[in-house]
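Working notes, beginning with the structure itself.
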Amino acid sequence: MLALKLYIHTDLEGISGVDTIEMMDRNGPLYRDAVGLLMADINAAVEGAFAGGAEHVTVLDSHGGGGNFDLSQLDGRAEVDTRENNEWWGKLDETYDGTIFIGAHAMAGTINGFLDHTQSSRTWFDYRVNGRSFGELAQWAMIAGHFDVPLLMVSGDLAACVEAKQFFHPLHCAVVKEARGRNKAELIAPEQARATIAEEVKAAVAIADRAKPFKPLLPLELQLTLNRSDFCDALAERPGVERLDARTLRKVTQTTLDWSF
Numbered sequence: 011m012l013a014l015k016l017y018i019h020t021d022l023e024g025i026s027g028v029d030t031i032e033m034m035d036r037n038g039p040l041y042r043d044a045v046g047l048l049m050a051d052i053n054a055a056v057e058g059a060f061a062g063g064a065e066h067v068t069v070l071d072s073h074g075g076g077g078n079f080d081l082s083q084l085d086g087r088a089e090v091d092t093r094e095n096n097e098w099w100g101k102l103d104e105t106y107d108g109t110i111f112i113g114a115h116a117m118a119g120t121i122n123g124f125l126d127h128t129q130s131s132r133t134w135f136d137y138r139v140n141g142r143s144f145g146e147l148a149q150w151a152m153i154a155g156h157f158d159v160p161l162l163m164v165s166g167d168l169a170a171c172v173e174a175k176q177f178f179h180p181l182h183c184a185v186v187k188e189a190r191g192r193n194k195a196e197l198i199a200p201e202q203a204r205a206t207i208a209e210e211v212k213a214a215v216a217i218a219d220r221a222k223p224f225k226p227l228l229p230l231e232l233q234l235t236l237n238r239s240d241f242c243d244a245l246a247e248r249p250g251v252e253r254l255d256a257r258t259l260r261k262v263t264q265t266t267l268d269w270s271f
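For the sequence shown, position 201 (counting from the first letter as 1) is numbered 211 according to this note's numbering, and the numbering increases by one without interruption.
Here's what the structure looks like:
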């Protein structure tokens with residue numbers, strides 16, 4: 011079976027050609043360059059998806075809450091998810107056959123992970139599901155798993171792809187750079203990186219019939235350790251949240267859609 015309907019989730023840190031932390035600054039001189047690189051990687055993924063046999067492709071702008079796409083540069087065959095439900099997963103549902111993550115980064119605390127973080131580099135220190143540290147890759151995959159949608163392919167830096175392969179199998183990956191410390195990366199030539207993205211997405215379509223949705227055992231025990239105790243104060247007052255110590259919160263939930271605090 012070929013995946014006929016694919017959902018492409020995107021982030022900015024793991025995009026090919028993005029190699030400095032300064033490119034993340036929306037008010038800085040390099041941000042527009044990063045946007046152009048983002049759109050090129052997305053278009054490579056869209057091209058690979060249709061070449062592999064997909065009939066419908068939806069893309070989500072997920073970096074920093076959105077607002078990063080230049081739609082004038084987007085492949086016209088792709089549908090843009092505007093997230094009318096205001097949920098992280100937007101219109102992702104059971105009708106999709108697989109999901110792709112373009113521009114991934116490694117979880118917080120990963121050595122030589124380019125701009126490693128989990129959700130908030132300022133506040134989040136460690137996020138655990140049933141005792142295992144998760145980054146945004148695993149978070150996204152378990153949300154997709156709620157809808158029985160498997161993660162098929164990831165692009166990003168080397169550390170992100172290594173992380174992905176520790177969680178998911180089978181999986182296709184496109185390594186587009188390698189970090190030198192946290193805030194700099196050594197790039198693969200963008201043209202080569204995009205060709206690899208297209209090739210790996212095309213190949214990923216073919217594994218949709220044997221890739222399994224990522225479904226951690228329910229109920230989920232979630233623990234979030236923050237960087238400072240004051241970051242916990244307001245969150246600890248929310249219903250169902252238990253404070254374990256100065257910086258650590260815990261809650262138990264019956265659905266992966268209730269993944270955050």
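Backbone N, C-alpha and C define an ideal beta-carbon position, used for all residues, glycine too.
Per DSSP, what kind of secondary structure is residue i in: helix, strand or coil?
| i | result |
| --- | --- |
| Y41 | helix |
| D91 | coil |
| A184 | strand |
| M11 | Low per-residue confidence applies at M11: pLDDT is 48, beneath 50, and the placement is therefore not dependable enough to give any value. |
| T266 | coil |
| D107 | coil |
| V164 | strand |
| A189 | strand |
| S143 | strand |
| A48 | The residue asked about is misnamed: residue 48 is Leu in this sequence, not Ala. Helix. |
Going by DSSP, what residues sit across from residue i in a beta bridge?
| i | result |
| --- | --- |
| L259 | L234, R253 |
| I18 | V69, I110 |
| T30 | K194 |
Note the first and the last residue of the continuous beta strand (DSSP E) segment covering residue i.
| i | result |
| --- | --- |
| T68 | 66-71 |
| A197 | It is Leu, not Ala, that sits at residue 197 in the sequence shown. Per DSSP, L197 belongs to the beta strand (DSSP E) from 195-197. |
| W134 | 134-139 |
Starting from the C-beta of residue i, find all residues in its chain whose C-beta is less than 6 Å away, skip the five residues before and the five after it, and write them out in chain order.
| i | result |
| --- | --- |
| D91 | T68, L70, G100, K101 |
| A148 | F177 |
| E57 | A208 |
Tell me which same chain residues have a C-beta within less than 7 Å of the C-beta of residue i, skipping the five on either side of it?
| i | result |
| --- | --- |
| R253 | C242, A246, L259 |
Within the same chain, show all residues whose beta-carbon is closer than 8 Å to that of residue i, passing over the 5 residues directly before and after it, in chain order.
| i | result |
| --- | --- |
| R93 | L70, G76, G100, K101 |
Specify, as a first and last residue, the run of the alpha helix (DSSP H) that residue i falls within.
| i | result |
| --- | --- |
| V215 | 200-215 |
| Q149 | 146-156 |
| D35 | Neither: D35 is in no alpha helix (DSSP H) and is coded neither H nor E. |
| F241 | 240-243 |
Looking at the ligand PLP, does it come within less than 6 Å of residue i, judged from the CB to the closest heavy atom?
| i | result |
| --- | --- |
| D21 | Inclusion of the ligand PLP in the displayed structure is not the case, the ligand content being empty and no account of it being possible. |
Meets three-Cβ-pair contact criterion under 8 Å: the segment 119-127 and the segment 162-178 = The answer is yes - the segment 162-178 touches the segment 119-127, with three or more Cβ pairs under 8 Å.
Are there three or more Cβ pairs, one per stretch, closer than 8 Å when the segment 36-49 is compared with the segment 136-144?
-> With a cut-off of 8 Å on Cβ pairs, the segment 36-49 is not in contact with the segment 136-144, counting fewer than three such pairs.
Can you find at least 3 beta carbon pairs, one from the segment 150-159 and one from the segment 262-269, that sit closer than 8 Å?
-> Two segments are said to touch when three or more pairs of C-beta atoms, one from each, lie closer than 8 Å; by this definition the segment 150-159 touches the segment 262-269.
Looking at C-beta atoms only, is the number of pairs between the segment 176-191 and the segment 209-218 that lie closer than 8 Å three or more?
-> Contact holds: three or more Cβ-Cβ distances are below 8 Å.
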